[in-house]
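*Asks:* I am attaching a structure below and will ask some questions about it afterwards.
2 protein chains.
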Amino acid sequence: MRVVILAGGVGSRFWPASTAARPKQLLPLAGDLPLVRETRDRLEGLVGPERIHLLAGRELGRRLLEALPDLDPGNLLAEPAARGTGPVLAWASHEIARQDPDTVLVSLHADHVIEPADVFREQLARVAELARAHRRLFTIGAPPDRPETGYGYVRVGDPLAGEDDAFDVERFVEKPDIETAERYLADGSYLWNTGIFVWPVSLFLDEVRAHTPEIAPHLGLLDAGDAEAFFGAVEPVSVDVGVLERSRRVAVAPARFAWDDLGSWEALARTREPDRRGNVAVGRAHLADSAGCVAWAEEGSIVAWGVRDLVIVHRRGVTLVMPRDRAADLKVLLADLPAEIADAPEDGEGSGGTHG
Amino acid sequence: MRVVILAGGVGSRFWPASTAARPKQLLPLAGDLPLVRETRDRLEGLVGPERIHLLAGRELGRRLLEALPDLDPGNLLAEPAARGTGPVLAWASHEIARQDPDTVLVSLHADHVIEPADVFREQLARVAELARAHRRLFTIGAPPDRPETGYGYVRVGDPLAGEDDAFDVERFVEKPDIETAERYLADGSYLWNTGIFVWPVSLFLDEVRAHTPEIAPHLGLLDAGDAEAFFGAVEPVSVDVGVLERSRRVAVAPARFAWDDLGSWEALARTREPDRRGNVAVGRAHLADSAGCVAWAEEGSIVAWGVRDLVIVHRRGVTLVMPRDRAADLKVLLADLPAEIADAPEDGEGSGGTHG
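The listed protein sequences correspond, in order, to chains A and B. For the first sequence, position 342 matches number 342 in this note's numbering, and the numbering has no gaps at all. For the second sequence, position 159 matches number 159 in this note's numbering, and the numbering has no gaps at all.
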């Protein structure tokens, strides 16, 4: 087994703590370590560090490697350009298949919260067996516990022959509106699409060749060793749209672990222990006579008094205050923000790559 | 005429912008200059700088003088201890009377907002004449335009003989509850007690001797030149309680200028021009889809989105967020705040004196 960690990402959802040069995978959003470090540490005992590959732009990759001291810099697959998850996974699969054509590849995001780690590792090992035995492209689906409109869903079909923990995918559905999300939750046959994928690397490349005209005609450039030209030639497409929704060999395994993609400041209230009034505070904060607030004080102190359901963030001179229920729409605010406020400088700033 | 500027004060009402070492008179709350500088500049043309005296503790006095480059350090009357406005004004009056026994003394606070300045100067000159002609201790009373519970009031009595702009004081009343304040506003015969006093210095000392047992027995120590012993011996008392409420020689002149004592962050919304949604911002602030907010960004930027009627302050690493209607009670919050948050360090910090 090998693992690729998709570690690009633009970093707007946790602004001003996250920025283009310091996206959320570099932030200690769930605990004391950056999310990418937790993601790597969660794999400990499942695969050795030499079989963990990091996918990101070169500059961001350099920062990520600083947070991952046991990974060899050679394990960074530095994407020449951002063209979505389809091309970058085709490229990574091609590179890995060259060394290890029979491996099962696990594709993960660097910025998700998953626990417990041992259950996660056991299930990945099990799904790798299933993917190899049934020759399928697997996605892990998380049972919903709320009518979430921020995630895509997978509708579960029949069980794979002889299995009770793996199913055909009846269909993938995009982020729903709230009424649809409530229906999915009540229905019971819909799972959140976690974006955690498990597949034999050779099968994935076969399916790309068969179903993905945005990518397939250009794979010869990779055979010729010209990744630069490949990224220049492909059309941007996500792996979900370009491969999974078109392939007949997809399957889903319901997650036995808790999963959150930390889509907004709101998510911090789910992944960190709140106080008895439902406040979550990271850093030095004093939330007096306040309830339901999320406070993030990266430097200095936040003092709130008599307020409810606010997100209050301070980092590098920028203070953000908004109601929690606007957190998911933060990009609407950022679109109108003057550049001199939006772009807080980072130490040794450079541009981070993105998978879109 | 001489002027004393009462410039002590503990600095909790505009926390975290104001602190003990940097009370609000040192902040540019109303414009671009510190309030104490505006207070001094407002006197330009009425009295020369050699006749303006500053009353504060020694350390705070040093900081205040930095903001007042044309005042001679000898004009600082550095009170040895904080014993309220009664003893400090008795001491200042005694010192001034020694040089200038026939002068009329104007006593002002360093942290009030007053405009227009020319009307203010004209009225002080007029009230000084009235005080000398009628031999009275004058206070200036400001006509209320709202049922303010944060100020004391003066009930206006009969006009002084032959005058239409000066009246006996029927009585002084302490800060009222809201029902009483509404009654005072409707009644029309109550004025806010601004704490701006005008009196012949000799009359003030006579009235202290006659009515203020907390101070009078110790005036001999001042005759002997021992201010230290005087401040050690007196009982703390305000000039309002210790002298004005007991004297039969008080009078009031209704202010012809606008006056605000800037009692809380809420006051900033009265003294600064709001945007069309009622937001007042000082420093770099972006208040999107927000209304009725007061933002003070002393460093960095404040970004608010979708919030109403909040006070948001950032200074030296401390961020404060509270509803506007709690601003007047800020000391309640400060009483419970951990010291490592409440006491933001100042450059070259020392303790400021206070008149109580």
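Where a beta carbon is used, it is the ideal one built from N, C-alpha and C, also for glycine. Since the model is a prediction, treat every value here as computed from it, not as a measurement.
#1: Counting Cβ pairs, one atom from each stretch, are 3 or more of them under 8 Å apart for the stretch 209 to 223 of chain B and the stretch 171 to 187 of chain B?
#2: DSSP three-state call for A:N75: helix, strand or coil?
#3: Return no unless some Cβ of chain A is closer than 8 Å to the Cβ of B:W305.
#4: How far does the alpha helix (DSSP H) with B:W192 in it reach, from first residue to last?
#5: Ordered along the chain, which non-local residues of its own chain (more than five positions away) have a Cβ less than 8 Å from that of A:R249?
#6: Going by DSSP, what residues sit across from A:V313 in a beta bridge?
#7: Would A:G317 pass as an interface residue toward chain B - the criterion being a Cβ-Cβ separation below 8 Å?
#8: Any contact between the stretch 71 to 85 of chain A and the stretch 20 to 27 of chain A? By contact I mean 3 or more CB pairs, one from each, below 8 Å.
#9: Under 8 Å, Cβ to Cβ, is there at least one residue of chain A near B:E299?
#10: Buried or exposed for A:E38, please, with buried defined as at least 16 other CB atoms from any protein chain shown within 10 angstroms of its CB.
#11: Report the start-end ranges of each beta strand (DSSP E) in the stretch 174 to 253 of chain B that is 3 residues or longer and not cut off at the edges.
#12: Since A:K331 contacts A:S12 with CB under 8 Å, what's their CB separation in whole angstroms?
#13: Within 10 angstroms of its Cβ, does A:A166 collect 16 or more other Cβ (buried), or is it exposed?
#14: Does any C-beta atom of chain B lie closer than 8 Å to the C-beta of A:R284?
#15: What does the alpha-carbon distance come out to for the pair B:V154 and A:I312?
#16: Runs of 3 residues minimum, wholly inside the stretch 21 to 49 of chain A: which ones carry the beta strand (DSSP E) assignment?
#17: Could you check where the beta strand (DSSP E) with B:E266 kicks off and where it finishes?
#18: Interface residues of chain B around A:D336 at Cβ under 8 Å?
#19: Label B:Q123 either buried or exposed according to how many other C-beta atoms from any shown protein chain fall within 10 Å of its C-beta, with 16 as the threshold for buried.
#20: Buried or exposed, going by whether 16 or more other CB atoms sit within 10 Å of the CB of A:A30?
#21: Under 8 Å Cβ-Cβ, which residues of chain A neighbour B:V321?
#22: Is it buried or exposed, A:G9, if we count other Cβ atoms within 10 angstroms and call 16 or more buried?
#23: Can the beta-carbon of B:Y151 be found closer than 8 Å to that of B:D261?
#24: Tell whether a beta-carbon distance below 8 Å holds between A:T319 and B:G300.
#25: State the start and end residues of the unbroken beta strand (DSSP E) segment that holds B:G406.
#26: Report the partner residues of B:H109 according to the DSSP bridge assignment.
#27: In chain order, what residues of the stretch 251 to 283 of chain B put their CB closer than 9 Å to some CB of chain A?
#28: In this structure, how does DSSP classify A:F120 when only helix, strand and coil are distinguished?
#29: Do three or more CB pairs link the stretch 262 to 272 of chain B to the stretch 109 to 118 of chain B at distances below 8 Å?
#30: How would you list, in chain order, the residues of chain B whose beta-carbon sits under 8 Å from the beta-carbon of A:R13?
#31: Let me make sure I understand the geometry here. Which of B:V47, B:A97 and B:L6 has the alpha-carbon closest to that of B:L60?
#32: Taking Cβ-Cβ distances shorter than 8 Å, what residues in chain A pair up with B:I341?
#33: Going along chain B, which residues have a C-beta under 8 Å from A:R326?
#34: Taking 8 Å as the cut-off, decide whether the C-beta atoms of A:A357 and A:L219 are in contact.
#35: Could you pull out every residue in the same chain whose Cβ sits closer than 8 Å to the Cβ of A:D41, ignoring the five residues on either side in sequence?
*Replies:* This is what the structure holds:
#1: Verdict: no, contact absent.
#2: Looking at A:N75 - three-state DSSP - the assignment turns out to be helix.
#3: yes
#4: Per DSSP, B:W192 belongs to no alpha helix (DSSP H); it is in the beta strand (DSSP E), Y190 to P200.
#5: R135, R136, L137, L203 and E207
#6: A:W296 and A:L320
#7: yes
#8: no
#9: yes
#10: buried
#11: Correct list: 190 to 200.
#12: Cβ atoms of A:K331 and A:S12 come within 8 Å of each other, at about 5 Å.
#13: By the 10 Å Cβ count, A:A166 comes out buried.
#14: yes
#15: 43 Å
#16: none
#17: It is not in any beta strand (DSSP E) - B:E266 instead sits in the alpha helix (DSSP H) that spans W265 to T271.
#18: A288
#19: buried
#20: buried
#21: The CB of B:V321 comes closer than 8 Å to the CB of I302, V303, A304, W305, V307, L310, I312 and V321 in chain A, given here in chain order.
#22: Looking at its Cβ environment, which holds 16 or more other Cβ atoms inside 10 Å, A:G9 is buried.
#23: yes
#24: yes
#25: It is not possible to answer for residue 406 of chain B, since the shown part of chain B is limited to 1 through 356.
#26: B:L6
#27: none
#28: Residue state, collapsed to three classes: helix.
#29: yes
#30: Chain B residues near A:R13: none, gap ~14 Å exceeds 8 Å.
#31: B:L6
#32: R284, H286, S301 and V303
#33: W305 and G306
#34: The structure shown does not extend to residue 357 of chain A, since chain A spans only 1 to 356, so no value can be given for it.
#35: L33 and A117
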